[in-house]
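A.B. asks:
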Amino acid sequence: MKIGIIIYSQTGHTREVAGLLQEKMAEKGHQVEIEEITISGKTPAQPGQFELTASPDPGNFDAVIFGSPVQAFNLNPVMSAYLDQLPAMQGRETACFITKQLPIKWTGGTQAAGKIKDACKAKGAVVKGAEIIFWAQRKRRDSINQAIERLAGLF
Ligand SMILES: Cc1cc2nc3c(=O)[nH]c(=O)nc-3n(C[C@H](O)[C@H](O)[C@H](O)COP(=O)(O)O)c2cc1C
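Residue numbers (the working numbering): 209 to 363.
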C-alpha cells in the first residue's frame, strides 16, 4: 500500500514518531512517505495568525495517517486549519496519532484525536484507529513502540 503520514510538528516530537512509524510500516512492505504541513507566521501558531504554506494532498495515497501535537488542551491550530480545507476522501482508510506532554486526562489528547477523526469521517474517509503519545511519561520509548505497532497493524 502507498501510505502517507501527514503531520504538523512544531518542536520535533510528532516528526520523530512519524519517522519511527515510517520505518515500521516500510518493514511490512508498504511504501511510506512523510509529508509535512508548514506555515508562515510565528510559532506556536495562534488560530487565524498564520498561513498554510504546504498542505499535503491525501489523494496521493491509498491510506493516510495524520499526526499532530496538542496545543492548549486542543488540537494544534495548524492541523485544525489543514483539516478545514481537506478534500473529499471517500472510502480512503485513515488513522491518526497525537503527541502531547502530560500523561493526564482532560489535557487535550482525546479532544485532538476526536477532531481529526471527525474531520476524516466528514470527508467520507474510513477511520481505523487513533493513538495518543504522552511525551512526559517515564517509559516513553516503550509506549511509542506500542503505539506504532498498533498503528502499523491497522494496514
Ligand atoms: C504552546 C504549547 C501549548 C501546549 N499545550 C499542551 C497541552 O494543553 N497539553 C499537553 O499535554 N501538551 C501541551 N503541549 C505540549 C505539546 O503538545 C507536546 O510537546 C507535543 O509532543 C509537541 O509536538 P511537536 O514537537 O511535534 O510540536 C503544548 C506545547 C506548546 C508549545
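The beta-carbon is built from N, C-alpha and C at its ideal position, and this holds for glycine as well.
(1) Based on Cα-Cα distance, which residue from K232, G256, M209, G212 lies nearest to R358?
(2) Quick one, are the C-beta atoms of I213 and E235 less than 9 Å apart?
(3) According to DSSP, is P295 part of a helix, a strand, or is it coil?
(4) Which same chain residues, not among the five before or five after G317, have their C-beta less than 7 Å away from its C-beta?
(5) What are the boundary residues of the alpha helix (DSSP H) that K347 is part of?
(6) Pick helix, strand or coil for A234, following the three-state DSSP scheme.
(7) R223 and I215 look like a contact to me (Cβ under 8 Å); what is the Cβ gap, rounded to whole Å?
(8) Taking the C-alpha atoms as reference points, what is the distance between N353 and F363?
(9) Taking K210 as part of the beta strand (DSSP E), name the residues at either end of that continuous run.
C.D. replies: On the basis of the supplied data:
(1) Working through the sequence shown from its first residue, we reach residue 358 at position 150. It is K232.
(2) Numbered from 1 along the sequence shown, position 5 holds the residue referred to as residue 213. Numbered from 1 along the sequence shown, position 27 holds the residue referred to as residue 235. No, the pair does not count as a contact, with Cβ atoms beyond the cut-off.
(3) In the sequence shown, the residue the question calls residue 295 occupies position 87. Coil.
(4) Looking up residue 317 in the sequence shown gives position 109. Within the same chain, G317 has close Cβ partners V278, I306, K308, I340.
(5) In the sequence shown, residue 347 corresponds to position 139, counting from 1. Where K347 is concerned, there is no enclosing alpha helix (DSSP H), given that its DSSP letter is neither H nor E.
(6) Taking the first residue of the sequence shown as 1, we reach residue 234 at position 26. A234 falls in the helix class under three-state DSSP.
(7) For the purposes of this step, residue 223 is taken as residue 15 along the sequence shown, with counting starting at 1. For the purposes of this step, residue 215 is taken as residue 7 along the sequence shown, with counting starting at 1. About 6 Å separates the two Cβ atoms, so the contact holds.
(8) In the sequence shown, the residue the question calls residue 353 occupies position 145. In the sequence shown, the residue the question calls residue 363 occupies position 155. Taking the straight line joining both Cα atoms gives about 16 Å.
(9) Here residue 210 is taken as the residue at index 2 of the sequence shown, counted from 1. Run containing K210: 210-215, per the beta strand (DSSP E) assignment.
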